[in-house]
Each structure stands twice: as structure tokens, then as C-alpha cells.
Amino acid sequence: LLLERYGEPALVDPAWSEVLASQLGHRSVRRYRPDPVPEAVLEAAVAAAQSAPTSSNLQLWSVIAITDASRKARLADLAGGQDHIRQAPLFLVWTADLSRADRILKVRGAGPGNLDYLDAFLTAAIDASLAAQNAVVTLEALGFGIVYIGAMRNHPEKVASELDLPPLVAPLFGLAVGRPHPDQSASVKPPLPQSVVVHRETYSTDGEFEAFGRYDSVLADFQRAQGQSPVGWRPVVADRAGSPEALHGRERLRGALLALGFPLK
Ligand SMILES: Cc1cc2nc3c(=O)[nH]c(=O)nc-3n(C[C@H](O)[C@H](O)[C@H](O)COP(=O)(O)O)c2cc1C
């Protein structure tokens, strides 16, 4: 598994842990079998999500579980026409949810406290991300395939209106869930070498461009094997991070969050 992940031998033995072995086998799945995801599996995923740590036990997230075909189709359109959202039997939208805490403060006659600060939104986004990834680890261990959908932030107000989100609830990302289709051919995508992302004691960029060069060719091999154009990694970074337009609407996220009731002070 590690060889598949990094393309080179490593110190770690995946047999140390079934969790590690399952995590090393992750790949985003974008084709699913149509069978519904059993309610018990959703319950297990949410139990895993709620087992994640949460800042000050505030639990500033909610998840919307969607199985209705027409709603999934509308959300797929809002995400730039991503067909896997339509196809997945279950689509989860993970939200930063400050509204529960706000309702509690209001009933107590208190003002917004500190929920109108940027840090509250960030805390909620961190909590939701930790929760979602815990759910993913469980779903994958149970044999389900997933893909995250950041494009839920392309049109946050329209997604909020589709899901009846109250003020102070913002969609962060979606998660398409289903049994992998037998024809789905995604394999494990190699990440950057650890030397690039792990800094010992202090941050260092020594040797990173040599590592980028090696990684470009590792990723080009992966892309070729997947039937994609073998461009490597840096051109992908330049394409995705190189212009505001590449954000497909998310370049106005700050304004959208303000409209959804997050002052982000
Ligand atoms: C927050 C987040 C948002 C993402 N958004 C999308 C998306 O909108 N559409 C998509 O097809 N993949 C999306 N992905 C999947 C990434 O492209 C994928 O995780 C990455 O290329 C690594 O590949 P892997 O998951 O197969 O290892 C997203 C991943 C994350 C973590």
C-alpha cells in the first residue's frame, strides 16, 4: 500500500493498523452503484463524525443528508454540472453552523457574543472538516466510495436556499457517497514526498524544487495510467491557483458569507 501511495519503499508497515491500511487505500470515487446507502451506514458515519474532537465541545457543524434525485440534480448543476453528485445514492452537505449557538445565546438574552468574529467561522469550518473526514474513514472502511465536493461553495447562497439553511449556516463542502461502481477505475493518487510537507523544527524550502521535479514525473505516470493528459503536478497548481476565475464563483465567497449572516469581523 505504501509503495502504491509513494512509489517507493517506506519504513511503515500498513499491517500495523487496519485503520492505516484503509486510509492508505483512499482514492476519490466518482462512479457509484445505484443501491441506496443503508440508514445504519449513515448512522455509523455520523457517529464517527461526532466522535471527532470539536473545539470547546461547541459542535459548530451540521450535515444535510440528501437522497432526493431532483435535489441532487439541482446541487450537481450548482456545482458546475458534476455528474457524480447526481449519480451518488447519498449526498452529504457539511456546513459551518453557528446558528445553534446563536439561538442559545438569544434565548439567554445575550448578544452575538463572539460568533460574529472570523475565528468563529474558522472554528466551525475546522470542526466540520474533522467530523467529515472521520465519517470518510468509516465509510471507506465499510467499503463505500466518496468524493468531496468543494464546488458546494461556488454558489453558497443558492445552495443555502435549496437546503433551507437559516442565517449563520454556510455550506462548506459536499460529500458524494455510494458503493464504488465496478467500472470505476480510480487508483491511489501519489501525494508529494514527505520531505516536502514535513519540516523539522523550523520551516525549510531546501531541495523542494528538485522534489517537485521528481513528483511531476510520478504524477504524470499516474495521470497517464488514468487516461488523463500527463501534465504532472506544477501545471495543475498553476491552473487551479493561477487566477480568480479558476475559483468558479468562490472568488466572491467573502461576500456570500456576509450575505449568509457571517460578519467575519
Ligand atoms: C475539500 C475538498 C474539495 C474537493 N472538491 C472536489 C470537487 O468539487 N470535485 C471533485 O471531483 N473532486 C473534489 N475533491 C477531490 C480532490 O480532487 C481529490 O481528493 C484530490 O485530487 C486527491 O485525490 P484522491 O482523493 O483520489 O487521493 C475535493 C477534495 C477536497 C478535500
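Residues in the sequence shown are numbered from 2 upward in steps of one, following my numbering.
Built from N, CA and C at the ideal position, the CB exists for glycine as well.
Identity of the residues DSSP links to residue i by a beta bridge
{"i": "Phe174", "result": "Trp95"}
{"i": "Ile105", "result": "Per DSSP, none; premise fails for Ile105."}
{"i": "Pro181", "result": "Tyr33"}
{"i": "Tyr149", "result": "Leu176"}
Simplified DSSP assignment, three categories, for residue i
{"i": "Gly262", "result": "coil"}
{"i": "Val30", "result": "coil"}
{"i": "Tyr7", "result": "helix"}
{"i": "Ala41", "result": "helix"}
{"i": "Ser186", "result": "coil"}
{"i": "Leu21", "result": "helix"}
{"i": "Gly114", "result": "coil"}
{"i": "Gln227", "result": "coil"}
{"i": "Glu211", "result": "helix"}
{"i": "Asn135", "result": "helix"}
{"i": "Pro194", "result": "coil"}
{"i": "Leu166", "result": "coil"}
{"i": "Tyr204", "result": "coil"}
{"i": "Pro90", "result": "coil"}
{"i": "Ala53", "result": "coil"}
{"i": "Val13", "result": "coil"}
{"i": "Val199", "result": "coil"}
{"i": "Leu123", "result": "helix"}
{"i": "Leu140", "result": "helix"}
{"i": "Leu220", "result": "helix"}
Through-space distance from residue j to residue i, alpha-carbon basis
{"i": "Phe92", "j": "Thr68", "result": "6 angstroms"}
{"i": "Asp217", "j": "Gly8", "result": "13 angstroms"}
{"i": "Val94", "j": "Val232", "result": "32 angstroms"}
{"i": "Glu158", "j": "Ser188", "result": "34 angstroms"}
{"i": "Ala53", "j": "Ala132", "result": "5 angstroms"}
{"i": "Asp207", "j": "Gly26", "result": "30 angstroms"}
{"i": "Ser100", "j": "Leu265", "result": "14 angstroms"}
{"i": "Pro10", "j": "Leu143", "result": "27 angstroms"}
{"i": "Leu119", "j": "Ala242", "result": "23 angstroms"}
{"i": "Arg255", "j": "Arg154", "result": "11 angstroms"}
{"i": "Ala141", "j": "Val178", "result": "Inspection of the sequence shows that residue 141 is occupied by Glu rather than by Ala. Going by the C-alpha atoms only, they are around 10 angstroms apart."}
{"i": "Gly146", "j": "Tyr33", "result": "8 angstroms"}
{"i": "Phe263", "j": "Val170", "result": "8 angstroms"}
{"i": "Arg104", "j": "Leu259", "result": "18 angstroms"}
{"i": "Trp17", "j": "Ser162", "result": "46 angstroms"}
{"i": "Leu21", "j": "Val47", "result": "20 angstroms"}
{"i": "Gly151", "j": "His249", "result": "11 angstroms"}
{"i": "Leu76", "j": "Leu166", "result": "14 angstroms"}
{"i": "Arg201", "j": "Arg215", "result": "21 angstroms"}
{"i": "His85", "j": "Phe174", "result": "14 angstroms"}
{"i": "Val272", "j": "Tyr204", "result": "As shown, the chain starts at 2 and ends at 266. That puts residue 272 outside it, with no answer to give."}
{"i": "Gly110", "j": "Asp117", "result": "16 angstroms"}
{"i": "Ala212", "j": "Leu164", "result": "44 angstroms"}
{"i": "Gln24", "j": "Glu252", "result": "32 angstroms"}
beta-carbon residue i near ligand 1 non-hydrogen atom, thresh 8 angstroms
{"i": "Phe174", "result": "yes"}
{"i": "His156", "result": "no"}
{"i": "Gln224", "result": "no"}
{"i": "Val1", "result": "With the chain running from 2 to 266 in the structure shown, residue 1 is simply not present."}
{"i": "His27", "result": "yes"}
{"i": "Ile189", "result": "Checking the displayed sequence, the identity of residue 189 turns out to be Val instead of Ile. The answer is yes for Val189."}
{"i": "Gly82", "result": "no"}
{"i": "Ala152", "result": "yes"}
{"i": "Arg31", "result": "yes"}
{"i": "His182", "result": "no"}
{"i": "His200", "result": "no"}
Kindly provide the ranges of any alpha helix (DSSP H) runs that are 4 or more residues long and lie completely inside the stretch 56-85, ordered along the chain.
70-79
Item to check | Length at least 4, wholly inside the stretch 232-258: the alpha helix (DSSP H) runs in chain order | outcome: 235-242
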